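A.B. asks: Its first residue numbered 137, the sequence shown is counted upward by one per residue in our numbering. We put the CB at the ideal spot given by N, CA and C, even for glycine. These numbers come from a predicted model, not from an experiment. Quick one: this structure, given as structure tokens, is what I'll be asking you about.
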Amino acid sequence: MVSCPNGPDKVIGAAFSFMDEIAKNTQQTDGIPIWSTEFNLMDKAGPVARTWTHALFSSAMLYKMIDNPSVELISSHSFNGHKFGDVFYENDEFPYMQIDPGHSLATISGDLSANGHFLAMVNGAFASMTQLAPLNFDQVPVVSGLDADMADHPALVGYLLQNDRDQKILFTNFSSQELVIDLTTIPGTWGQASILTADPRQHILAEGDISRIHVSLDSQLTLPAYSLAVVMVPEPNLLLGDANNNNQVTGSDLIIVQQNFGNVDPNVPTDGLLLGDANDDGSHRLGSDHRAAELQ
137 MVSCPNGPDK VIGAAFSFMD EIAKNTQQTD GIPIWSTEFN LMDKAGPVAR
187 TWTHALFSSA MLYKMIDNPS VELISSHSFN GHKFGDVFYE NDEFPYMQID
237 PGHSLATISG DLSANGHFLA MVNGAFASMT QLAPLNFDQV PVVSGLDADM
287 ADHPALVGYL LQNDRDQKIL FTNFSSQELV IDLTTIPGTW GQASILTADP
337 RQHILAEGDI SRIHVSLDSQ LTLPAYSLAV VMVPEPNLLL GDANNNNQVT
387 GSDLIIVQQN FGNVDPNVPT DGLLLGDAND DGSHRLGSDH RAAELQ
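Okay, here's the thing in structure tokens:
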């Protein structure tokens, strides 16, 4: 299926349809949370396993679970040891898969699979975030609108992630077309994005099989076909020695250093804004922070 012209779209659409059926036929009890202990594409013989389409299939499953407010815990199927669905490769796995007799797909132990690359990016986006909200898009087509042969599923899915000091957006383009997103409609100061994409039919066997793009943004984000993106606010420009965060270094910074001795930034990694932390290392040590304030 994956080798036909719209094969990747059919596989991804199957993930959305499958999850809709699960939701329709699963009895849920009010007040009892749902734990999903594993999810993946079951494709032991190939040819979809370990391709970028496999990663997009898994991401569709994940997002449908995230959209269910009763879901409290989600865990991936397997981190290693499975020939078709793990996150990390082990040596000499692929010759057992019979994808193409006589054709060995060499892997390196410890490298990420397609699923691993997708999960690493999503986990990085979710790390330390405490709030999640799905984004609604105007005039974004469903994939069946781009190809009448397809089951209905969204071409674009996005989530706004935030905590009390930071914001991120996670986007996924499930379509074969490039999509342009107007970021001015999403509250926030969006300055940069990391994008992950690949040929959907490509087996992801090494880092070179994945395209990683880091871009600076203004008002728009261009998402390549079959891609994931994490959009972030710009990193603050920190003034060394500015212990009270007023964008200048004066005698008052020395006082703030003394008043906040021993404090440690609860944010990991530090955002550089801990009061009294003149050298922006995330902790308050009287000697080093005094020197940073005095030297500027």
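Comparing C-alpha positions only, which one of Ser194, Met201, Pro205, Tyr199 sits nearest to His213?
C.D. replies: Comparing Cα-Cα distances from His213 to each of Ser194, Met201, Pro205, Tyr199, the minimum goes to Ser194.
A.B. asks: Considering only residues of the same chain and omitting the five flanking positions on each side of Phe273, which have a CB-CB separation below 8 Å?
C.D. replies: Leu292, Gly294, Ile317
A.B. asks: For the segment 196–215 against the segment 361–371, do three or more pairs of beta-carbon atoms, one drawn from each stretch, fall closer than 8 Å, so that the two count as touching?
C.D. replies: no
A.B. asks: The alpha helix (DSSP H) that contains Tyr362, what's its start and end?
C.D. replies: It is not in any alpha helix (DSSP H) - Tyr362 carries neither H nor E in the DSSP assignment.
A.B. asks: Could you have a look at Ser264 and say whether DSSP puts it in helix, strand or coil?
C.D. replies: In the structure shown, Ser264 sits in coil (DSSP, three-state: anything other than H, G, I, E or B).
A.B. asks: Is it true that the CB of Leu198 sits closer than 7 Å to the CB of Ile148?
C.D. replies: Against a cut-off of 7 Å, the Cβ pair of Leu198 and Ile148 comes out as no contact.
A.B. asks: Check whether the segment 176–188 and the segment 320–338 are in contact - that is, three or more C-beta pairs closer than 8 Å.
C.D. replies: yes
A.B. asks: Answer yes or no: the CB of Thr162 versus the heavy atoms of the ligand MG, is any distance below 6 Å?
C.D. replies: As far as ligands go, the structure on display features none, and thus does not contain the ligand MG.
A.B. asks: Closest by CA to Gln298, which one among Phe310, Leu268, Val223?
C.D. replies: Nearest of Phe310, Leu268, Val223 to Gln298, Cα basis: Leu268.
A.B. asks: How long is the line joining the alpha carbons of Asp145 and Pro183, rounded to whole angstroms?
C.D. replies: 15 Å
A.B. asks: Considering only DSSP beta bridges, list what Val351 is partnered with.
C.D. replies: Ala329
A.B. asks: Return yes when the Cβ of Leu319 is within less than 7 Å of the Cβ of Leu357, no when it is not.
C.D. replies: Annotated as proximal: Leu357 and Leu319, with beta-carbon spacing under 7 Å.
A.B. asks: When you compare each of Ala342, Ile346, Ser347, Gly324 to Ala370 by their alpha carbons, which one comes out closest?
C.D. replies: Reading off the sequence, residue 370 comes out as Pro, not Ala. Measuring from the Cα of Pro370, the nearest candidate turns out to be Gly324.
A.B. asks: Could you tell me the boundaries of the alpha helix (DSSP H) in which Asp156 lies?
C.D. replies: Annotation: the continuous alpha helix (DSSP H) that includes Asp156 extends over 143–161.
A.B. asks: Can you check which of these residues, Asp222, Thr266, Thr333, Ser206, is closest to Asn309 by C-alpha distance?
C.D. replies: Thr333
A.B. asks: The beta strand (DSSP E) spanning Leu292 covers which residue range?
C.D. replies: 292–298
A.B. asks: Is Leu318 helix, strand or coil when you go by DSSP?
C.D. replies: Checking the sequence shown, residue 318 turns out to be Asp, not Leu. Strand.
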